[in-house]
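Report on one structure; see the data block that follows.
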Amino acid sequence: MTNMTMFMLLVAIVALLLLAAQPVLIGNDRDQARLIGQPDGVVPCDSIEKYTTEWFLSHTKKAHSSPLQSNALFYSAGMSAAARAKARQDGQVTIWDVWPCELYRAEAASSNALRCIHSSDTQRQRFFEAMSRAFALKAEEGAMVMHAAADYAKPPTDGIWARVELPVLVDRNGRVHWIAKVREGWVKAFEELSGRYEDQIKVFWERFPGAARSSRLLDPARRRLGFGRLKVEPRSAEDGNSEGFGACPSEKELRFFDRNVAW
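Per the numbering used here, residue 321 is the first one in the sequence shown, and the count goes up by one each step.
And the structure:
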């Protein structure tokens, strides 16, 4: 065997060894594309370009694939945790309930495909703005927004609620007919949406006069904060597993987004 032949044989062997060592991508553009061949389950970072409003609309959990009929609860700055608590109590739905749990993971673990997006202030904000736009597009008939007590009379105008979600809800082609605002911490039942309760809850926008009054969810027998306590299963730590995704972040873990997204 000549030296040249031996060299070519060695090159071929090395090439085969390198090829065998490469991790194999499984799945067809799966949301959590995993690489095998890595001891700690490393996955590549997702690109922010993937997460458009259209992508979010087509990747909701099955339980929320239909429009949100007067049970969508929005919120402004500082109200993430309070809104989640109210939604659990009153059968409403927040942005944290609609999509698979893995999208809300902020940890820098190599198994988290969202680690690069959520570690960047700019990309994180863009991610949640696209998600919020999709959430607003899913709302129908009526919607509610929670503001901090200090912001109730004059809500902030520089966050996602004012810049992204509200314009979608009031768009001329929108399907929302009325929007009510609720003050932080008020969970009492109410008899009317105006008058003596305006310092706590108030319909501040209607697509046409009397839209809120004509709502089938706001008839006299069901006029309660939370629109009659519609039944919605509470989100749990195991919520995502039924659809093939990992455990949901805890309330403590979600505080990262509460503090680091301009809601």
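Yeah, the Cβ is synthetic: ideal placement off N, Cα and C, and Gly gets one too. From a predicted model like this one, the values you see are computed outputs, not experimental measurements.
Rounding to the nearest angstrom, what Cα-Cα distance links residue i and residue j in this structure?
{"i": "ARG435", "j": "TRP498", "result": "37 Å"}
{"i": "HIS379", "j": "LEU388", "result": "15 Å"}
{"i": "ASP578", "j": "GLU461", "result": "27 Å"}
{"i": "GLY505", "j": "GLY361", "result": "42 Å"}
{"i": "ARG527", "j": "ASN493", "result": "11 Å"}
{"i": "TRP525", "j": "SER430", "result": "45 Å"}
{"i": "GLY564", "j": "LYS381", "result": "With a pLDDT of 37 at GLY564, under the threshold of 50, the modelled position of that residue is not reliable, and the figure given next carries that caveat. Distance between the alpha carbons of GLY564 and LYS381 is about 11 Å."}
{"i": "VAL507", "j": "VAL413", "result": "Confidence is the limiting factor: at VAL507 the pLDDT is only 49, short of 50, which leaves the residue's position unreliable, though a coordinate-based value still follows. Taking the straight line from one Cα to the other gives about 16 Å."}
{"i": "LYS501", "j": "SER400", "result": "15 Å"}
{"i": "GLU573", "j": "ILE521", "result": "30 Å"}
{"i": "MET466", "j": "SER440", "result": "27 Å"}
What residues in its chain sit with their C-beta under 7 Å from that of residue i, if we drop five residues either side in the sequence?
{"i": "PHE576", "result": "ALA426"}
{"i": "ALA531", "result": "HIS497, TRP498"}
{"i": "GLY398", "result": "ALA468"}
{"i": "CYS365", "result": "ALA433, ARG435, CYS436"}
Could you spell out where the beta strand (DSSP E) holding residue i opens and where it closes?
{"i": "VAL523", "result": "521–526"}
{"i": "LEU574", "result": "Segment 571–580 is the alpha helix (DSSP H) holding LEU574; no beta strand (DSSP E) there."}
Considering residue i, what are the terminal residues of the alpha helix (DSSP H) in which it resides?
{"i": "VAL488", "result": "486–489"}
{"i": "TRP498", "result": "Taken as a continuous stretch (DSSP letters only), TRP498 belongs to no alpha helix (DSSP H), being part of the beta strand (DSSP E) at 496–503."}
{"i": "LEU377", "result": "373–377"}
{"i": "MET451", "result": "441–458"}
{"i": "ALA531", "result": "Element bounds for ALA531: n/a, residue is neither H nor E."}
In the DSSP output, what is residue i paired with across the bridge?
{"i": "VAL362", "result": "Bridge partners of VAL362: none, in fact."}
{"i": "VAL465", "result": "PHE394, LYS501"}
{"i": "LEU423", "result": "In DSSP, LEU423 forms no bridge with anything."}
With a CB to CB cut of under 6 Å and the five nearest residues on each side skipped, what residues in its chain are close to residue i?
{"i": "MET451", "result": "PHE376"}
{"i": "GLU482", "result": "Looking at the sequence provided, one finds Ala at residue 482 rather than Glu. Nothing listed; no residue qualifies."}
Relative to the ligand MG, is the shortest distance from any of its heavy atoms to the C-beta of residue i smaller than 7 Å?
{"i": "VAL413", "result": "Summarising the ligand content, the structure contains no ligands, and the ligand MG is consequently not present."}
Under 8 Å Cβ to Cβ from residue i, same chain only, skipping five residues before and after it: list those, please.
{"i": "LYS458", "result": "LEU377, THR380, HIS384, PRO387, LEU388, ALA392, VAL418"}
- Query: Do the stretch 463–478 and the stretch 437–453 touch if we need at least three Cβ pairs shorter than 8 Å?
  - Reply: no
- Is the stretch 362–374 in contact with the stretch 391–407, if contact means three or more CB pairs nearer than 8 Å? no
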